[in-house]
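Trainee:
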Amino acid sequence: MAENNEYIVPNLAERLQYLRKCPAADITELSSAIPGFAAQLPQDYLMELKSAERIICLRAAIVCRSVTQGIQVPRKMQLQAILAAQLGHDSLVSAGTGSGKTLPIAVNILMDDPADKKITITVSPLKRLQATQQADFNERYGIRTFVINEDTPRDEGWWMSNIYSSTKTIKNPAQHLIVTVEQLFKTAEGHFSRIADLVRTPAFQGLISRINIDEAHSFYTSGLSLYNCPAFRPAWGKLSDLKRILRQTTPWHLFSATFPPHILAAVKEKLMRPTFDYIHQTSNRPNIIYATHEIDKLENLQNYSCFVTSPYNSVAQPHILIFVDDRNLTAKIADHLDSCLPPELQGKGVIKNYHSSMSQLYLDRTHSDFVSPTGTCKILVTTSGQSVGVDFPNVKIVCTVGLPASIVDALQRGGRAIRIGDEDALFVVFHEPWAREITEDEFEEGMDPDRPRADLGANARRQERAPLSAIRLVQCRTCVRQYYAGYLNDQTESATLYTGPFCCDRHDDGFDLQDFLPGSLYQKDLAVAKTSAVVSRAIIRLKSERVELEKLLIKWLNAKVAAEEYSRPSYEILSADKMRDLLRIPSKDAVSPSAIATSLGENQEWQDAYAGELFHLIFEFDMEIKTVKAAKELSKRGRPARAGQPQASVTGDGFINQTSESYGNIESSGTNNKRRRVSEYK
Ligand SMILES: [Zn+2]
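For what it's worth, the working numbering labels the leading residue of the sequence shown as 834, then goes sequentially.
#1: Could you say which of Ile1271, Arg1339 and Pro1226 lies nearest to Arg1298 if we only look at CA atoms?
#2: Grouping DSSP H, G and I as helix and E and B as strand, with all else coil, what is Phe1263?
#3: Count the other CB atoms within 10 Å of the CB of Gly1343; is the residue buried (16 or more) or exposed (fewer)?
#4: Can you tell me whether Pro1285 is helix, strand or coil according to DSSP?
#5: Express the C-alpha separation of Phe1140 and Leu1346 in angstroms, rounding to a whole number.
#6: If we ignore side chains and look at the alpha-carbon of each, how far apart do Gln1437 and Glu1383 end up?
#7: So the beta strand (DSSP E) Ile915 belongs to, where does it begin and stop?
#8: Do Cys1336 and ligand 1 come close, with the Cβ less than 6 angstroms from some heavy atom?
#9: Where Asp1341 and Ile1155 are concerned, what is the direct C-alpha to C-alpha distance, given to the nearest angstrom?
#10: Secondary structure at Thr1311, three-state DSSP: helix, strand or coil?
#11: Using 6 angstroms as the cut-off, classify the Cβ of Arg1314 as near or not near the heavy atoms of ligand 1, replying yes or no.
#12: Mind pulling the beta strand (DSSP E) runs of 3 or more residues that sit fully within the segment 1102-1153?
#13: Does DSSP classify Lys1541 as helix, strand or coil?
#14: Note down, in chain order, each residue of its chain lying with its Cβ closer than 6 angstroms to the Cβ of Arg1510, except the 5 sequence neighbours on either side.
#15: Assuming Arg898 is part of the alpha helix (DSSP H), what are its boundary residues?
#16: Locate the alpha helix (DSSP H) running through Leu943, then write down its first and last residues.
#17: For Lys1229, count neighbouring Cβ atoms within 10 angstroms of its own Cβ and tell me buried if that reaches 16, exposed if not.
#18: Does Phe979 come out as helix, strand or coil in the three-state DSSP assignment?
#19: Is Ser1042 helix, strand or coil when you go by DSSP?
#20: Since Leu1213 is in the alpha helix (DSSP H), which residue starts that stretch and which ends it?
#21: According to DSSP, His1009 sits in a beta bridge with which residue or residues?
#22: Following the continuous alpha helix (DSSP H) through Lys960, name the residue where it begins and the one where it ends.
#23: Which whole-angstrom value is the C-beta distance of Leu1079 and Leu925, which I expect to be below 8 angstroms?
#24: State the Cα-Cα distance for the pair Val956 and Val1012, rounded to the nearest angstrom.
#25: Identify the continuous alpha helix (DSSP H) that holds Ile860 and give its terminal residues.
#26: Compare the beta carbon distance of Ile976 and Ile942 with 7 angstroms and say whether it is the shorter of the two.
#27: Quick check: the segment 1008-1025 against the segment 962-980, are there 3 or more CB pairs under 8 angstroms?
#28: Please check the pair Gly1235 and Leu1301, which I expect to be a contact at CB under 8 angstroms, by giving their CB distance rounded to whole angstroms.
#29: Please report the distance separating the alpha-carbon of Gln1478 from that of Glu1457.
#30: Considering only the alpha carbon of each residue, which of Ala1444, Gln913 and Ser927 lies closest to Gly921?
#31: Using a Cβ-Cβ cutoff of less than 7 angstroms, which residues in the same chain neighbour Val940 once the five nearest sequence positions on both sides are dropped?
#32: My assumption, with CB atoms under 8 angstroms, is that Thr1199 sits in contact with Lys1185. Please give the rounded CB distance.
#33: Excluding sequence positions up to five away, which residues of its chain have a Cβ less than 7 angstroms from the Cβ of Ile1373?
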């Protein structure tokens, strides 16, 4: 314990005690007497407050400044979080990763009078993060912090001399416990850990000054059984039980960068008292450039070669984090990237593979090597569990392979990207072609935008796992940053700010993904693969197309009714149901008048009377769409679009000459696979 005492030298302890207790007038006087202090504080915010609240904030700010030797002064969000706690309110802090939630947690602990022997409990999502957090609290703020997880000693002596004893006085008791959530509940074997016992002991409950929950969205994403799939970490979901057990006056403070409305509603209901303070700061990371990129197949390893400089250059090679959901694929991608290196560097740890079944030691070593400026590892291929919440300050590119399981997940992954200054970074989602074809009406109605297309059984295919939010992301034609802000219901002014050379890949402003990659994008045969993916799956016409086509069909139908000699009702020509069916037939299936009649279950008479006209109407409509698409594709690749391309005609028998395959060839012929070097990587 001696090492901890070094940080609380008597004069600081005395000074802190004075700051905690001194009258308001002293605080006001002090804050104007410290040179430059007033300018460091968010004065606009302070002026909005009642004077008693302002004093609380100033007191906290001076405490913070004293403990950190003048280095740290709380920002607005931090003062709001401190104030909520000091007033005994519950609070929910929605703020981006790196926004500094350690400071309010620390300052609140420092504001507790040591004589009261209060304890703060912080629930932390990842065992691996706890040690770093502990060091931060101990060293920077001089707060006696202990980590409680499955490795913590269980013997009574240790607990009684460090954490809590009902019988003897502990000289320097713990002020702060960083606890993994599982420790707070009964284990699978039916045992309570020591901390689980303690939080159920009334005397100890009386000492708990507050509960902080880090990454609190996990209550919903990890703690609840969703989409017919059991909870990943049920203990998260049991936090609501803990809330009931503890004193109702014990404030809870929830922190997360991702509280979309459906998760906010869940944590509000289960973890907050009816009135609580909602503190919101944008989670937007202005330095991140967002993109989505279609690849033929996730298993085609060629698609990942673009992450390695070619020829390999260890100085130019940026740090890249690749998230993969499938552990086997994680290993395959890592092996492939390793094979892209010069023979003498292969197997030397430049590319590493990282997932939860690996030893703690390996994970720690790999992480420190990867984040070190002199480390060997440049590309880390990882599953989500071990990396979310872990800091990777030097990562230039984050790629998520396949649709993320939710936008919360995507943003948590993307949030790993660079944290140094305002240097820009890229977050790209690689997805397969079918993600463009799924339509919203293939999803059940619901509140949760991350709901998958089908329930998640053990053998669910990727297409079934696809969450609506990720489908929307891929199909979104407008700003991706705006889309993320909308998902989070982030209405702050800074929600869509960006500081990089581009915002995202949706602005038609010259963004080219290739410019941000160290190696060449793999594009060969992509168009062909795209076509076959479409053919292999029964799809319906895109919703956006259906809306437009419906207008044309209604117009046609009205004209038809008006023109009929012995006024046939419209439903006999094309009933509402048949209209809906017709709209859903994908263009690849609407290849002839008879195909249309057959699809609708109509007879020969109907076919002779109407199918020809309908076929031509739909054909013209589809050609228009293809022409616009092709022109866009070609102009994107820097070639002028020729009018009327792709060429197509209707033959005498009503079949289309332009097949989907030849259309695919036109697309692939424009492929520009040239590599452009990026100066900033050199
Ligand atoms: Zn944008």
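The beta carbon of each residue, even a glycine, is placed where N, CA and C say it ideally should be.
Mentor: Reading off the structure:
#1: Distances from the CA of Arg1298 to each of Ile1271, Arg1339 and Pro1226 were compared; the closest alpha carbon is that of Ile1271.
#2: In this structure, Phe1263 counts as strand in the three-state DSSP scheme.
#3: So Gly1343 counts as exposed.
#4: Looking at Pro1285 - three-state DSSP - the assignment turns out to be strand.
#5: Those two C-alpha atoms are separated by around 12 angstroms.
#6: Per the coordinates, the alpha-carbon of Gln1437 lies some 24 angstroms from the alpha-carbon of Glu1383.
#7: No beta strand (DSSP E) contains Ile915, which is instead part of the alpha helix (DSSP H) from Lys909 to Gln919.
#8: Flag set: Cβ of Cys1336 near ligand 1.
#9: One C-alpha to the other measures close to 26 angstroms.
#10: Coil.
#11: Proximity of the beta carbon of Arg1314 to ligand 1 is indicated: a heavy atom of the ligand is located closer than 6 angstroms.
#12: Qualifying beta strand (DSSP E) stretches, in chain order: 1109-1113 and 1121-1127.
#13: Here the chain covers residues 834 to 1515 and nothing more, so residue 1541 does not appear.
#14: Because the pLDDT at Arg1510 is just 30, under 50, the model does not fix this residue reliably, and the point stays unresolved.
#15: Looking at the DSSP string, the run of the alpha helix (DSSP H) that includes Arg898 is Ser884 to Val900.
#16: Thr935 to Met944 is the extent of the alpha helix (DSSP H) around Leu943.
#17: With at least 16 other beta carbons inside 10 angstroms of its own, Lys1229 counts as buried.
#18: In the structure shown, Phe979 sits in a strand (DSSP, three-state: E or B).
#19: Ser1042 falls in the strand class under three-state DSSP.
#20: Note, Leu1213: premise wrong, no alpha helix (DSSP H); beta strand (DSSP E) at Ile1212 to Thr1215.
#21: DSSP, once it has assigned bridges, lists Thr953 and Thr978 as partnering His1009.
#22: First-last of the alpha helix (DSSP H) with Lys960: Lys960 to Ala968.
#23: The Cβ separation is near 17 angstroms, so there is no contact.
#24: Their Cα atoms are separated by approximately 5 angstroms.
#25: Ile860: member of the alpha helix (DSSP H) spanning Ala857 to Ala866, first to last residue.
#26: Result yes, Cβ atoms of Ile976 and Ile942 sit closer than 7 angstroms.
#27: Yes, the segment 1008-1025 is in contact with the segment 962-980.
#28: Going by Cβ atoms, the distance from Gly1235 to Leu1301 rounds to 16 angstroms, so no, they are not a contact pair.
#29: Below a pLDDT of 50, predicted positions are generally treated as unreliable, and Gln1478, at 40, falls in that range; no measurement from the model is reported.
#30: For Gly921, the nearest C-alpha among the options comes from Gln913.
#31: Excluding sequence neighbours, Val940 sits near Ala893, Val896, Cys897, Pro907 and Ile915.
#32: Right, their Cβ atoms sit about 5 angstroms apart.
#33: Exclusion of the five residues before and after Ile1373 leaves Thr1272, Arg1417 and Pro1419 as the residues of its chain whose Cβ lies within less than 7 angstroms of its Cβ.
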